[in-house]
Structure formats: structure tokens, C-alpha cells
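The working numbering puts the first residue of the sequence shown at 1, with every later residue one more than the last.
The C-beta atom is built at its ideal place from N, Cα and C for all residues, glycine as well.
Since this is a predicted model, take the numbers as computed values, not measurements.
Worksheet for the structure shown next.
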Amino acid sequence: MKKILGTLSAVAFAVGASASFAACDAGERVVKLSHVTGGTTHPKVVASNNLAERVNKEMNGKLCVEVYPNSTLFGDSKELEALLLGDVQLLAPSLSKFGSYTKKYGVFDLPFIFKDMDAAMRFTQSETGKGLLNSMEDKGLVGLGYWMSGMKYFSANKPLMTPSDANGLKFRVQNSDVAKAMIAAMGASPQPMAFAEVYGALQTGVVDGQENTWSNIYTKKFFEVQDSTTQTSHQLLAYLFMTSKEFLDSLDAGTRKQFLSIADDVTQKANLSVKEKEEANRQNILKAGGTIRDLTPAQRKQWVDAMKPVWKQFEKEIGADVIAAAAAS
Ligand code: LMR
């Protein structure tokens, strides 16, 4: 196989890759994994690199995974198309980014549907949650597992303690109809935008705020260009670790079985450490001088009350049964 951090480390550094970047030997079947996050402490970065290390060691000569972080190969708008075209074989996009392929994943975006990460994990492990992995089979897209990331928090260029503080502000959102409706419910304006553009947009005032996990707020340094982040925990961020049917079908049965078994193991291990990673990145923000604000129970209730009507708006397209199963978790 490859010299991890060997000859390609200079290239990896030049393109902003921050961790292991395998150099595959000539003749090896290269499997490209593209994603948009960065740094070394981000759960998706760690899971992707673990997958590459495991496949490259255990499947030596059969498959060789190369990881392209930080939107260096494909950004938000192009990656799913690239997967269907066979230009990349593995992705882990946020579940908020599938609106053109399935409406079902809107359930993961519903505000305050999951009390915490444990509730979200229970849902993904339930029959309904597992069934959703196959929502896009008819489009040739295959879900291999959920990579959890964290709860999301609002940041802005002013303190946000109640939804009315957000009135009239512009918030960057992922390209999700639920997220757009949620921001509108706060009396604010949603601005869908690729992840790679968020720091610049916050810095130049194109948008006033954003919502994300501690890991993204830290590794992308959003806290540097915001007044503060408020511990709203209003929404989940999780990823669909995925491939294409075309890629899976191209593997012989033994290779496919071994690859799927490693993928499953990496997924389970990644999810076990995700809460720890989020807490570490929360601490990293504080150490780096970022401000984090807490809500009183009364303030939290105001956020819940403002956003809860959004559920009803999406009940038809997501399915009342799916929403009920998520809420019950
Ligand atoms: C975002 O666009 O805010 C996130 O989906 C980025 C990511 O993949 O964590």
C-alpha cells in the first residue's frame, strides 16, 4: 500500500489537508473519500482517517482509500453529483443536504426533536432510523451508516438570548428547507451557503450568524468572527456515510463484505467518541478566547416555542410516523 504521511504529506499540507492522506501504490484500486470539514479534532476528520487507515492496512492491495478533507476535492454543491458520476466513491455529507434526493431526512433537522445526542443515536439505531439509510436506493445512493457529529448552537455578531434577538438578522444555513423555515420562524432571514464560504461570509458581514456544532465552530474558527455562541442545542448535525450502488456492485463479493465490515466497525467506534470530541472542541473555543453563552430554562422555552410550529409544516413530506418515532426516542 502506501506511505501514510509520506511523500504526499507536502501535497496534503498545500491543499489544507490536516491528517493522514494515503498515497496509493500504482495498480491499487483507489477509493476517494471527499468531505468538507477540517482540523484534526473534528469527528468526521477522525472517522474518515480511521477508515482510510483500516482499509489500507487490512485490505492492502485490494482497495486504497484516499481522504480529501476541507472541500479540496468537492464542496457541498458538487459532491453528490460527483458520487453518481463515479468521480468519488465515498462521502459523509450532513443529513441536511439531501433535499433534492429525499425529503425524509428533514426529520433530522426538526428543531428540538432530539433532547440530546443520546436521543438522536437511539433514533438512528431504531428500525425507523435504520430504514432511512435506504431512502435513496432508487437514485443509486447507498447509506452505509450514520456518523453522528453533535448538537448545533447559534452564533451571531451580537448576543442571542431569546429568538427576538435574532429578528432581522441574516443566518447562514445549510441547503435545507427545514432549516430555512426554522430561521424564518425566528423572524430572521436564512441564507443557504456552502460550508467552505461561511467564515468569509461571517467576516465580511454577508451574514450575521450561523448555526453549527462545537467541532465546526472551533475547527473553522467561526468564533473568531462572531460575538458569541449560545448553547441552544436546537438541532442535530449528523452525517450519512455513503457510497454509490455502482461502486458497491463493482466489488467482488469477498471485497465488498470485508469493506462493509470495516465501514461498520469504524462507524460504531466513531459514534462512541463523538460526545467527548464535541466537549473537547467546546473547551478549545473557550481556551482560544471565544465566548459561549448559557440559556436560562425560561429563555430556552422561548426558543422551543418559537420553532416548534416548524414540525407541522413538514409533517406531510417527512411522514407523521417518522416524526413520531424520532420524537419518542
Ligand atoms: C455545514 O455545512 O455546516 C456542515 O454540514 C458541515 C459539516 O459537514 O460538518
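Residue environment analysis places residue 70 among the buried positions, since at least 16 neighbouring C-beta atoms fall within 10 angstroms of its C-beta. In the structure shown, residue 66 falls within a strand segment according to DSSP collapsed to helix, strand and coil.
With a beta-carbon spacing of about 4 angstroms, residue 278 and residue 150 fall inside the 8 angstroms limit used to define contacts. Per DSSP, the unbroken beta strand (DSSP E) holding residue 155 starts and ends at 141-156. Contact annotation: residue 148 and residue 271 have beta-carbon atoms nearer than 7 angstroms. Residue 43: member of the alpha helix (DSSP H) spanning 43-58, first to last residue.
In this structure, the ligand LMR has a non-hydrogen atom nearer than 6 angstroms to the beta-carbon of residue 216. Here the alpha carbon of residue 52 sits roughly 10 angstroms from the alpha carbon of residue 266. With a cutoff of 6 angstroms, residue 154 does not count as near the ligand LMR, since its C-beta is closer than that to no heavy atom of the ligand. In the DSSP annotation of this structure, the continuous segment of the beta strand (DSSP E) that includes residue 31 starts and ends at 30-34.
Relative to residue 180, the option among 36, 319, 311 whose CA is nearest is 311.
Residue 237 places its beta carbon less than 7 angstroms from that of residue 94.
Contact between the region 189-208 and the region 132-143 is absent: fewer than 3 CB-CB pairs across the two stretches fall below 8 angstroms. Counting along the chain, no beta strand (DSSP E) covers residue 200; the unbroken alpha helix (DSSP H) around it starts and ends at 198-204.
Annotation for residue 255: the continuous alpha helix (DSSP H) segment containing it runs 253-272. Selection 55, 34, 81, 297 evaluated against residue 140 yields 81 as nearest (Cα-Cα).
For residue 36, the CB falls within less than 6 angstroms of some heavy atom of the ligand LMR. Shortest Cα-Cα distance from residue 225 to any of 159, 28, 65 involves 159. Scanning 105, 56, 127, 163 for the CA closest to the CA of residue 231 turns up 163.
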